[in-house]
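A quick write-up on the structure given underneath.
Numbering (the UniProt record's numbering), first residue to last: 1 to 995.
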């Protein structure tokens, strides 16, 4: 019992060390678990939401739409739980200019169900549910009415009326059609896109002509058409896995591989044959209809000609009879004349035909009638010949005019909202995995320092207990239990902060970026226990080491005071010109600093680690803060990007040119697509959305203006370096040519792409092709891929016709529509921003972006929140470290301080004597920590691997100053706690001999 009482008394006396170890453990466990828990809570709540709304695991798209046969084939695939055929239609409407939307049918099989936020779900024809983004932008509300126009109405009419068979529907499949007079009855959240419309939006990509601004959800009532735009699938067993785990990806990949290997090719060929059969049927029907019309017209002409001939023959007969009667009258017998008049003379064919021609020529009316008949017959013959030739041409061109049908099998990674959320959380979680290592190292160092001093102070007591027969393990348990209890208390408080405080803070920021219904905080017993155990093991290992170092001596040696270290010279003493000019106290300080190397290493190392953490956090902040400036003012040389629909491209350019604001411009084509790291298989494989996929902005440049691209965009080649760094080449040394594409650094870094790599590109129409990467261009925001007009045509235009002899010639192939413009403007940044806003109100403009506005408005709230958290925790760690080291320093030198007081030093002089050493050691730690922080910050590119963002790490001089000043301020603050301890040192009791 006396042993236990003495142990508790010793613990109470060492309360400062207890608090130090507990605080370091608290901060370490909080960092280790906090960021992880926040990301995990977001992952889990999102996964639950996806399961509840039935977010598809696989989506199948086709360039020719999907038929009932396709849906039936997908249902038979092993591993498919549900298949839902979906119909959609693109529409346009007027909302401060022309806007587009996708009318999406609400599925009846429980897949991709919108989440109701306000109002009710639509049930009747003409009712729709809209997203919060549309409500915000339009100012409409539940009950508002809206009239839309199908975007492809005119083209559909022309397609279906033709007989060429090129329409993508067959005789039984019709394209989807939705009601056009709509009423808003509800506000919903699209599970495919959880972006918060009221939060942060990077605007890193621009929509192509195939992408719409909004999504309207409509019930099946009122929707017509048997051709489906897509099929969504749920995979068996996928719901039991977390959608963000690799196990889920493997489960889904098994099904997508089966679709690619068994169903896809067969149904592509079957669908194309359906289109060919439909085209042939249309040609047959057209021929039959034409033959019937021609037969009717011929019958009419024949009837008219028969009537004409009868009329002429009647006149011929009358004239022949009259002539015969006259001849008889001149004869001798009047009776013979009467008999001749009663009999029609018989004429031979030649005479009759001659008389017919004479009669027709003599009568203008008959001549005109004959000409009309002949002309009608000639026209009919020409029409028959022309129609027959046209139909034969259509028959010959049918196979080449209908492209090969392509299926695209995509998983959730192809959803922009899903991949953005996953990437954001993964990147933040990677920071949460990296920084606790520094906290753990500092905790072990500080625990070793504190416990070694604690054990050393009790040398004589330890020797006494061992001499009395107590085992070394029992004696060591006094310190092991002390460290264990401090770790458990600190770890417990750290778990509270890690699973409640930090996640709550992160989730507030996350909810400003994404809408995550059902979000709640959860505790992970295993991870929390392992987090505490990690620090317990580290601190106990340091304590065991300190105990072993002391207890390996005999009890007699332990009960005697530890011999002071032998005097020795330091390096500075050998530099006589410097040493001779240092005062006495300065020499004492120098000896104290450099002779006690353990104290030097611990202090400098601890301060350097904390300073490095602060610099690293500020480096993230500086990097994010400069991303917009570097991208939109340095890399992008143009001031304005204007994007329009293909049909409005000419009007858009005319509008911009007429305004007179443009000093120079470059017409380009911009499409939203995907870049996938090409595998070993066919480059035209339709599988997209894998883990090696990235959404891109495909920019095609006219062949005649390839050299002008460098005037609009800074072209600088980059190459990968060590530890995630990159080397940047000379500005202007990179040129776009017809041998490959130039990929943005942000996409290349995320996918591991470099010059010479093969990648799979998907353009705005969903057509895929394998392309060569000629270079990687410096780019920080967005994932631009630049391609020349010729190489674009080589990749996408000729793929369907490359294996046929009847392919179109280059003159007949459709030229690219330059639907966008990069322009340099005159005027200030404000005027350029205002001009871009005014352009968006024009009906011919789909999107107008001012680089000046983007540079000023770009921000990354989530990263800023994490930076603030890391800097705050690093500052707290620095304060605890300095406090621990200062108190350890004082406890080690109580007799020295007492001697100084006996020698007549005033309290302020004693303060200065001790604090000067701590300040010098702190300055040394700061000097070492600043470059260390920059080095660690430079590795952030590897950790922060995010789509459409490349972190070109930069640390501003002010950040170094802030980190240094903050650390020094913490050191000064610690002095306020240490000085009273120095004042309470009693010279008499402190200088008493141990004996």
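Where a beta carbon is used, it is the ideal one built from N, C-alpha and C, also for glycine.
| Item | Value |
| --- | --- |
| Between the Cα of residue 29 and those of 502, 294, 963, spot the shortest distance and give me the residue it belongs to. | 502 |
| Hey, would you say the C-beta of residue 218 is under 7 Å away from at least one heavy atom of the ligand MG? | Ligands in the displayed structure: none, and consequently the ligand MG is not present. |
| For residue 668, which residues does DSSP report across the bridge? | 820 |
| Run through DSSP, which three-state label would residue 735 get? | coil |
| For residue 656 versus residue 668, is the C-beta spacing smaller than 8 Å? | no |
| If we ignore side chains and look at the alpha-carbon of each, how far apart do residue 111 and residue 407 end up? | 20 Å |
| Counting Cβ pairs, one atom from each stretch, are 3 or more of them under 8 Å apart for the stretch 187–198 and the stretch 404–420? | yes |
| Taking only runs that begin and end inside the stretch 382–435, name each unbroken beta strand (DSSP E) of 3 or more residues, in chain order. | 407–411 |
| Helix, strand or coil, according to DSSP, for residue 781 in the structure here? | strand |
| Could you give the DSSP three-state label for residue 554: helix, strand or coil? | coil |
| Kindly indicate which three-state DSSP category residue 86 falls into: helix, strand or coil? | strand |
| Just the C-alpha distance for residue 585 and residue 990, rounded to the nearest angstrom, thanks. | 22 Å |
| Could you check which residue in 23, 957, 6, 888 has the C-alpha nearest to that of residue 488? | 23 |
| Quick one: residues in its chain with C-beta nearer than 8 Å to the C-beta of residue 788, no 5 flanking neighbours on either side, listed in chain order? | 700, 701, 703, 706, 736, 737, 738 |
| DSSP puts residue 742 in a beta bridge; with which residues? | 775, 786 |
| Can you tell me whether DSSP reads residue 517 as helix, strand or coil? | coil |
| Going straight from the alpha carbon of residue 461 to that of residue 453, what length do you get? | 14 Å |
| Distance check for residue 563 and residue 887, CA to CA, integer angstroms please. | 22 Å |
| Identify which residue in 515, 920, 742 has its Cα closest to the Cα of residue 601. | 920 |
| Check the C-beta distance from residue 54 over to residue 233 and give it rounded, since I have them as a contact under 8 Å. | Residue 54 to residue 233, Cβ: 11 Å. No contact. |
| From 446, 89, 466, pick the residue whose C-alpha is nearest to that of residue 148; which is it? | 89 |
| Let's test the definition: count the other Cβ atoms within 10 Å of the Cβ of residue 575 and tell me whether it reaches 16, buried, or not, exposed. | exposed |
| Can you give the Cα-Cα distance for residue 380 and residue 817, rounded to whole angstroms? | 41 Å |
| Since residue 607 and residue 925 should fall inside the 8 Å C-beta cutoff, what is the C-beta to C-beta distance between them, to a whole number of angstroms? | 3 Å |
| By DSSP, does residue 850 sit in helix, in strand, or in coil? | strand |
| I'd like to confirm the pairing. Which residues does DSSP put opposite residue 234 in its beta bridges? | 82 |
| Please report the residue range of the alpha helix (DSSP H) in which residue 476 lies. | 472–496 |
| If I measure Cβ to Cβ from residue 962 and keep anything under 7 Å in the same chain, skipping five residues before and after, which residues do I get? | 618 |
| Should residue 74 and residue 263 be called a contact, given that it needs their Cβ atoms to be closer than 8 Å? | yes |
| Can you check whether the CB of residue 20 is closer than 8 Å to the CB of residue 450? | yes |
| Use the C-beta contact count for residue 779: other C-beta atoms within 10 angstroms, 16 or more gives buried, fewer gives exposed. | buried |
| Report the rounded CA-to-CA distance for residue 745 versus residue 776, giving the unit in angstroms. | 6 Å |
| Check each candidate in 550, 303, 280, 299 and name the one with the smallest Cα separation from residue 392. | 280 |
| With a 10 Å radius around its C-beta and 16 neighbouring C-beta atoms as the bar for buried, classify residue 394 as buried or exposed. | buried |
| Which runs of the alpha helix (DSSP H) at least 4 residues long sit entirely within the UniProt domain "ABC3 transporter permease C-terminal" (869–974)? Give them in chain order. | 894–902, 907–938, 940–943 |
| With respect to the alpha helix (DSSP H) encompassing residue 53, which residues constitute its N-terminal and C-terminal limits? | 15–53 |
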